[in-house]
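This report refers to the structure that appears directly beneath it.
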Amino acid sequence: MEKSMACLVGAIVILWCCISHVTSDASDHRYMKGDSVPFYANKVGPFHNPSETYRYFDLPFCSPANVEEKREDLGEVLNGDRLVAAPYKLDFQIDIEPESYCKKRLTIKEVAQFRHAVLKDYFYQMYYDDLPIWGFLGKFDSEDKDDQSGAIVHLFKHVHFEILYNKDRIIDVFIRNDPQAVVDLTENKEVEVDFTYSAKWVETDTPFEKRLEKYSQTSSLSHNLEIHWFSVINSCVTVLLLTGFLAIILMRVLKNDFVKFTPDEEAIDDQEESGWKYIHGDVFRYPRFKSLFAAALGTGTQLFTLTIFIFMLALVGVFYPYNRGALFTALVIIYALTSGIAGYYAASFYYMIEGKNWVKILVLTGSLFSGPLFFTFCFLNTVALAYNATAALPLGTIVVIFLIWTLVTSPLLVLGGIAGKNSQSGFQAPCRTNKYPREIPQVPWYRTTLAQMAMAGFLPFSAIYIELYYIFASVWGHQIYTIYSILFIVFIILLIVTAFVTVALTYFQLATEDHEWWWRYVNFLHESALTVFLIHIPPSANDFDFGVIRSFLCGGSTGLFIYGYCLYYYYARSDMSGFMQTSFFFGYMACICYGFFLMLGTVGFRAALIFVRHIYLSIKCE
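Residue numbering for the sequence shown is -24 to -1, 1 to 598, as defined by mature numbering (1 follows the signal peptide of the UniProt record, and there is no 0).
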């Protein structure tokens, strides 16, 4: 396993080298006066719907006979980038007076297209020497914001570029529209339009190495930093209070329990056992649905490893603003490379609890997360195809992803499973398990699984909810998030709170003589979202009952709270609308929250297992 980890780390280093600098055709970014500079138009779309974007020439701009497309990497395609040569020619250090690059008579249909785009606040994105540029198509005036039928719509027909340079390098570029140079598109009639542009070069002393700092500094402004640090302090206070509470309560209770359960030898026969000591012969009874449980642990471990590697790349500066597609490339490749970890931990734990069918566990591990993600992708990609949006992946990209899954993910999963199967050891339970399980007494409503889920999910969520807004505004908006160090601190706090809460709830459960802390079997599984992941698993004669996770579910319930926050963010904090954007937001956020559920559930169970082993090692078991 050490060799496998070394290979994985080496692969991550190679990945860093591959994605750390996505550049244009002119990779050194040095030019002489009059040199041609790479200039690409990317996409257009509604400003408030970041997923609903279209190709630049899908709108009736002046399109050349042969559109020159830039060859894109995997991450750029996954990000929805579709770069084509821009209709403007801006050579290095060459000022351009207002000149026409296209005269076109817009038909009634084309006027309607532009009018619809302006009313929907369409913006366009371009890249000049790998520097991002944005601009709006036009403006409109309407007395009623809800009813735009009587709005006066104008299309900008002149674009001015102001380009900053330092010696032989481009530092920054701005785009401005002349509010007077417009064409009226209010009426349904053909319109003659003369599209013009101009350019002005301005020298600056800003070094080339700092040309992207303005994007990074957006989230580092003083007022933003105060909010971020308030989030960290809020999380730290939560951890300290929780740690103090658990330390005082558990140490007091456990100390009394240990005194009670380890009396003098003469009094052993007279002592009646109760509480968590009473179930020492059942607490380490192996759970039902062993294969599903082990697969969830393996997948959660893989996602946890994936998250750690993503943080490592972010902290060393790989994901700088507008490094096109770097994050998506990293996610795909690291997920593929860490599949061996999922196979190893799933198979080793499965055989540790005396599982037999290793093929089944590997199939389940490989499909537990990627299966729902695949079906979600199929639906959303179909929606994107229906909208003819750039979010629809072309067939070639789908084939590449399939080959990565077939030639990298699956073989590594099998190799990891074989290694885990061969390296497994006994479970080493501190207490001998009874032949027949004890009956579990009835518990009050506040100790049921749903109540514990609510408590276990709320506390970790309260430690991260402030930071969630900025993450959502970056992923589903146009804000830039670059304070990865603070985000990493919040992530560590999230793990600590999840582990502590799960340990506390596990103890309270055992104290009520409920020994099913692995899987808690009750009658309301059909009301749980987990039904979709359990229904396809054929139960054996010994595990026919349905149930929901207790320690695992309590640890992962934060994912459900995050999904609840998605509802709040969509309706109260964003202006997203339309079927496509709504489908993408709730569809992919469901997959992300499900991933958090598996990852935090694994963290919670591992913490609970360590705790349970420790307390039963500390008493004298028969």
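Every residue gets a Cβ at the ideal spot worked out from N, C-alpha and C, and that includes glycine.
The stretch 48 to 117 contains, as complete alpha helix (DSSP H) runs of 4+ residues, the segments 50 to 54, 84 to 95 (chain order). In this structure, the beta-carbon distance from ASN153 to HIS130 does not fall below 8 Å. HIS256 is classed as buried because its beta carbon has at least 16 other beta carbons within 10 Å across all chains shown. Taking 8 Å as the cut-off, the Cβ atoms of GLN428 and CYS530 count as close. Here DSSP, grouped into helix, strand and coil, assigns LYS19 to strand. For the pair TYR545 and ASP71, the Cα-to-Cα distance works out to about 45 Å. By the neighbour-count criterion, in which 16 or more other beta carbons inside 10 Å mark a residue as buried, ALA306 falls on the buried side. Residue environment: MET552 is assigned as buried (16 or more neighbouring CB atoms within 10 Å of its CB, all protein chains considered). When C-alpha distances from ILE128 are compared across LEU140, LEU574, ALA88, the shortest belongs to ALA88. In the three-state reduction of the DSSP assignment, ARG31 falls in the strand class.
The way I'd put it, the stretch 436 to 452 does touch the stretch 201 to 208; three or more beta-carbon pairs between them come closer than 8 Å. Of ALA548, TYR363, ARG264, ASN18, the smallest CA-CA separation from GLY331 is found for ARG264.
Here PHE68 is buried, its C-beta having at least 16 other C-beta atoms within 10 Å. Of the residues assessed, ILE84 falls on the exposed side of the cut-off, its CB having fewer than 16 other CB atoms within 10 angstroms. Between VAL43 and LEU369, the C-beta spacing is not below 8 Å. DSSP places THR482 in the uninterrupted alpha helix (DSSP H) bounded by 460 to 487. For LEU113 against TYR100, the beta-carbon gap comes to about 7 Å, under 8 Å, which counts as contact.
Counting only runs that start and end inside the stretch 324 to 364, the alpha helix (DSSP H) elements of at least 4 residues fall at 334 to 344, 346 to 363. GLY56 places its beta carbon 8 Å or farther from that of LYS80.
ALA175 is bridged by DSSP to ILE72, PHE137. Around the beta carbon of HIS204, a 10 Å sphere encloses 16 or more other beta carbons of the protein chains shown; the residue is thus reported as buried.
Residue environment for TYR460: buried (at least 16 other C-beta atoms within 10 angstroms of its C-beta). In the three-state reduction of the DSSP assignment, HIS130 falls in the strand class, which pools E and B. In this structure, ALA432 and LEU481 form a Cβ contact; the two beta carbons are roughly 6 Å apart against a cut-off of 8 Å. GLU75 counts as exposed, since fewer than 16 other C-beta atoms from the protein chains shown sit within 10 angstroms of its C-beta.
Our two residues, TYR32 and TYR98, have alpha carbons roughly 11 Å apart in a direct line. According to the DSSP assignment, ASN153 belongs to the beta strand (DSSP E) that extends over 145 to 153. Taking every protein chain shown into account, the CB of GLN557 has 16 or more other CB atoms within 10 angstroms, so this residue is buried.
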